[in-house]
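Let me begin by presenting the structure, written as structure tokens, before commenting on it.
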């Protein structure tokens, strides 16, 4: 299966967004637990 540039960029952006949301969620839960 060969991916085009569009597919690669889409997958990369999707993964980055998921990682960002996960990091924010982890930091947010940590802040809530501290307070």
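Numbering (UniProt numbering), first residue to last: 1 to 35.
Glycine included, each C-beta is placed from N, C-alpha and C at the ideal position.
Nothing here was measured: the structure is a model prediction, and the numbers come from that model.
Ignore the nearest five residues each way along the sequence and tell me which others in residue 5's own chain have a CB closer than 7 Å to its CB. Taken in chain order, the list of residues that qualify is empty.
Have a look at residue 19 and residue 31 and give me their C-alpha separation to the nearest angstrom. The alpha-carbon atoms of residue 19 and residue 31 are separated by roughly 18 Å.
Helix, strand or coil: which one does DSSP assign to residue 4? In the three-state reduction of the DSSP assignment, residue 4 falls in the coil class.
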